[in-house]
Structures are given as structure tokens and as C-alpha cells.
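**Student:** Listed in order, the protein sequences are those of chains A and B. By the count of the working numbering, the first sequence reaches residue 237 at its end, each step adding exactly one. By the count of the working numbering, the second sequence reaches residue 237 at its end, each step adding exactly one. Take a look at the following structure, please.
Protein chains: 2
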Amino acid sequence: MSAPLQIVALLFPNVTQLDLTGPAQVFTRFPEAELHFAWESLDPVPTDSGFSILPTVTLGETPQADVLFVPGGQGAFDLFEHEAALNFIARQAAGARYVTSVCTGSFALGAAGLLRGKRATSHWASLQMLEAFGAVPVSERVVQDGKIITGAGVTSGIDFALTLAAELCSPEVAKEIQLFIEYDPAPPFDAGSPSRPDADQQAARDRIAAITELRSPLVQRAAARIPSILLP
Amino acid sequence: MSAPLQIVALLFPNVTQLDLTGPAQVFTRFPEAELHFAWESLDPVPTDSGFSILPTVTLGETPQADVLFVPGGQGAFDLFEHEAALNFIARQAAGARYVTSVCTGSFALGAAGLLRGKRATSHWASLQMLEAFGAVPVSERVVQDGKIITGAGVTSGIDFALTLAAELCSPEVAKEIQLFIEYDPAPPFDAGSPSRPDADQQAARDRIAAITELRSPLVQRAAARIPSILLP
């Protein structure tokens, strides 16, 4: 009997919680898998949505991940200054079969030095900034480059997790999970990406400009620090 | 200045967490709204996905909801025996502008006597059992009958919450939230409902049979008890 698949998600303050909880609903139905939410202590971690989630394990006691998963949100940018978290990501990534993210979680992967030369995606409003980490930004919902799999913004985590289910388990398992979570989407509008007809194009451009102004200096600084935080 | 919109979600043990966290991501971006997770104490509540979420308020201290929201999961059926929770639902529903659910959360609404003569939906595997509560089961992703709005299984909560955003706030607000959460779904398979080509029809039928056998006696018993738990 083989050991259960270890899926390790990083749970940090101010995470965009659906980045994490969408994939978690899918992961938890993988056959023979254990899902861990790792953070520095077991105290409740506040999310972006006004409620808190409990970690299941501390960074120091987390088993080696088969799948390392980093969600996004404003908190992902705070990780740039959190050396223990970046070291955790780099260390876990070295032994993982898959290194994954959703939304701006890819920025934490980038800050841990994992995206150099890699095709990767992120939330549409931040995507181009991934270049600072040497990544090749790709505007697709799920992007795989070797063992790195990244998802675009927030809800794309569900598509990402089902894609991983198909690859890691089987297409049959992925379809069964999709049926269980009744993922037969019917959005009331066609506004889910800036290119869609119901999306407010000007608002999207404004948002990208505002986010770039706010986050770009953080990203540049994190990119400049990459060598010093990498483990040998 | 008007008071903020009060959105009250019931958070109970063994909730299918994405039923709750999907809508929560949308609700939290409603302008001028407060989101509460209500349960009997503030202790962590275990979800179906191996992690726990903290309530933000106790049942007794919850403000009157403008929007009452009940997610689903196996735990929703345990609510049938939880008189305080059913009374909470009935009492809150009486003063709410909208009474809502996702997935099998509609069974808790039914057990609280709120679905008699109402069109309502639920997870596909349990849908027909809603008849026991006098409801008219409707196989659609989001169903509105007056102030009752119900969503189908798990991920339909995102479509439900965006529909509510459009109705309660405006279509513009709903589209803006949809763009922010990049809800431009691209499922890897077309397997999200039993009628879809990639879905395993036999497995779906087996699942309905198994669930009906397990839950039908509970539902029948809860339906028979409705009058006794209703508040005057």
C-alpha cells in the first residue's frame, strides 16, 4: 500500500479565501490524499472575507508535500517579507511532485525563486508583473510548465484543481469530483475577464494601473532579493 | 446614511465548505454589507474538508438578517435534530428580505417550514426529496420564488451569489465582482451535472439511490415535525 498523497496548502493572513477553499473542496475528494493547511502557528488566520480559518499544521511540522499549493490575495504580497514562509515554499518545492498556485499565489512562488524561465499565470490585474521574477506571463486559466501549475484569478482555482485531479489521479476521478460539486457553471453575466463583453474595460484598466502602482515596487524589491532567500 | 446590509450565514459542523465560502467571497464585496457566520458558540466548526472555520457570532447574538443564507452538506441533515438552529432559521427568515440556500441547505429551510408551496432547488442527488417539505423541486442552477432563493449543488453558490448581487445591489456591482473573482469558468470536462456528456450516468443514478435510502427517512421525519418547531 502506498502512502497517502500529501497536499500542502499555505494558509496566510489576508488570503483571498476562495483561492484556497475552491481547490480544497476538490483536493479533499482525491482518493488516498491528506490535505494540510500550513502556517507558522495553529492560531486562527484571518482571511480577506471577514472570517478566520484554522491551520492544521505548523510550517516546521509539515510533512514533505507531494503537491505544494499557494493561494493568493493581498497577503501573498506580505509573504515577500516573511522569510520563513519563502524558505518553506522553496524547501517544500524542491521535494514536491507539483508546485502550484492560484491567483497572486504565483507571486509567492516567484519570490521564492521558482518561476525563472517558467510559463505562469495569475489574476488578470497582476499578471504582467510576473515578468519581474523572470516568468513568462500567460493569460490562460490554468498554465502548466513542467511541475509548476498555476491558475488565474480566484475562481480559476476550481478549474486548476480539477485539472490536477485528472493528471494526478485520472480523468474519471476528475469528472466524478466535478459532478459531485455540480460544477456546471452558469454565470449570470459574461464579465469574468477583462476581454468579456459584459466587463467594464475602463474599470479593468484602471484597476491594473492602480495595482501596478501599489505592488510593482514590492515585486521589484522581492525579485532583487531572490538569491539571498534561496536555500542551498 | 442607511445601515449596512446584514448578511447572516449559518455555519454548522460538517458543512460542505465551498457551499459557504464561494458565496462568502462574493458577499464580502457587496458595498455596505456586513457578513456574519453564526453558530451556537464561537468555537471552531469543522467543515467537510478537514479544516475548521471560526463563527463570528453566536446564534443568540446575531443581528436580524437582511439576507439569511444556509449552506449544505451532510451537516445540513443533522440540523433536523438541532431545534435551536431550526428555530434560528425560522425566526431570522420571518424578518429577512431574502431567505437563501445553496446545495442541501434547502433541506434546512424545508425543515424550518419555509418551503411549503415554494419552487426550490438543491444538489442534484437530493433534489427530488425536497417534495417531502411541500416544495416544488426545480432542476435549475438558481431558483427564485418570492423572497426565497435557492442554489443547486456546491459551486452553484457562486452563480447564486452573483444573482443576488445583481438583484440586491445592481447588475453593475455583480459584473464588477464577477470580474474581480475572474469568474470566467473553463471546466476541463463537461461533467458538472448528470445530464452532461462527460458525466457517468450510472454512477449518478447509483448515488441518487444511495442518498435517497440514507436521507429519505430523516427527511420524512423532519417533515412530520415541522409544525412543532415553528415559532408562533
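No residue lacks a Cβ here, since even glycine has one placed at the ideal position from N, Cα and C.
1) Looking at the structure shown, is F74/B part of a helix, part of a strand, or coil, going by DSSP?
2) Hey, does F194/A have any beta-carbon neighbour from chain B nearer than 9 Å?
3) Could you pull out every residue in the same chain whose Cβ sits closer than 6 Å to the Cβ of L47/B, ignoring the five residues on either side in sequence?
4) So which residues of chain A does Q183/B contact, with C-beta pairs closer than 7 Å?
5) Could you tell me which of A29/A, A38/A, Q30/A and L16/A sits nearest to S238/A, measuring between CA atoms?
6) With DSSP run on the structure shown, which of helix, strand or coil describes S131/A?
7) Listed from N- to C-terminal order along the chain, which residues in the stretch 10-29 of chain B have their beta-carbon within a distance smaller than 7 Å of any beta-carbon of chain A?
8) Report the three-state DSSP secondary structure of T33/A (helix, strand or coil).
9) Report the partner residues of V224/B according to the DSSP bridge assignment.
10) Of the residues F165/B, L15/B and A215/B, which one's Cα is nearest the Cα of E66/B?
11) My assumption, with CB atoms under 8 Å, is that G100/A sits in contact with T21/A. Please give the rounded CB distance.
12) Going by Cα to Cα distance, which pick from A209/B, A170/B and S198/B is closest to F35/B?
13) Could you check the C-alpha separation between E45/B and F82/B for me, to the nearest Å?
14) Tell me the residue span of the alpha helix (DSSP H) that contains T105/B.
15) CA-CA distance, A228/A and I213/A?
16) Looking at the unbroken alpha helix (DSSP H) that takes in T155/A, where does it start and where does it end?
17) Taking the alpha carbon of L23/B as the point to measure from, which residue in D189/B, S127/B and D53/B has its own alpha carbon closest?
18) Hey, does Y188/A have any beta-carbon neighbour from chain B nearer than 9 Å?
19) Does any residue of chain A bring its CB to less than 9 Å from the CB of F32/B?
20) Since D48/A is in the alpha helix (DSSP H), which residue starts that stretch and which ends it?
21) Per DSSP, which residues does R124/B bridge with? Please list them.
22) Mind checking whether Q183/A and A196/B have CB atoms under 9 Å apart?
23) For the candidate residues L135/A, S175/A and Q11/A, whose alpha-carbon lies nearest to that of G115/A?
24) Which residue's Cα is closest to the Cα of A137/B: S127/B, V224/B, P202/B and F185/B?
25) Can you tell me whether V178/B is helix, strand or coil according to DSSP?
26) Would you mind reading off the limits of the alpha helix (DSSP H) that contains D205/B?
27) Listed in chain order, which residues of the stretch 130-162 of chain A have Cβ atoms closer than 7 Å to some Cβ of chain B?
28) Whose Cβ in chain B lies nearer than 8 Å to the Cβ of I58/A?
29) CB-CB under 7 Å to F238/A, same chain, minus the five flanking residues each way: which ones, in chain order?
30) I need the DSSP call for E136/B, collapsed to helix, strand or coil.
31) What are the boundary residues of the beta strand (DSSP E) that A14/B is part of?
32) Hey, V104/B and L10/B: beta-carbon distance below 9 Å or not?
33) Going along chain B, which residues have a C-beta under 9 Å from T168/A?
34) Hey, how far is the Cα of L236/B from the Cα of R201/B?
35) Which same chain residues end up closer than 7 Å to G122/B when comparing Cβ atoms and leaving out the 5 residues on each side of it in sequence?
36) To the nearest angstrom, report how far apart S144/B and G80/A are at their CA atoms.
**Tutor:** Checking against the coordinates, here is how it stands:
1) strand
2) yes
3) P60
4) P192, F194, A196 and G197
5) Residue 238/A cannot be examined here, being either before or after the span of chain A that is shown, 6 to 237.
6) coil
7) Q22, L23, T26, G27 and A29
8) coil
9) DSSP lists no partner for V224/B.
10) L15/B
11) With 8 Å as the limit, G100/A and T21/A do not qualify as a contact, their Cβ atoms being about 27 Å apart.
12) A170/B
13) 17 Å
14) Premise fails: T105/B lies in the beta strand (DSSP E), Y103 to V107, not in any alpha helix (DSSP H).
15) 20 Å
16) No alpha helix (DSSP H) contains T155/A, which is instead part of the beta strand (DSSP E) from I153 to G156.
17) D53/B
18) yes
19) yes
20) Taken as a continuous stretch (DSSP letters only), D48/A belongs to no alpha helix (DSSP H), as it is neither H nor E.
21) V141/B
22) yes
23) L135/A
24) V224/B
25) helix
26) Where D205/B is concerned, there is no enclosing alpha helix (DSSP H), given that its DSSP letter is neither H nor E.
27) R146, A157, G158, V159, T160 and S161
28) F56, S57, I58 and L59
29) Because chain A here runs from 6 to 237, residue 238/A falls outside it and cannot be looked at.
30) helix
31) L10 to L15
32) no
33) P193
34) Unreliable positioning characterises L236/B in this predicted model, as indicated by a pLDDT of 45, which lies under 50. A coordinate reading is not provided.
35) G139
36) 39 Å
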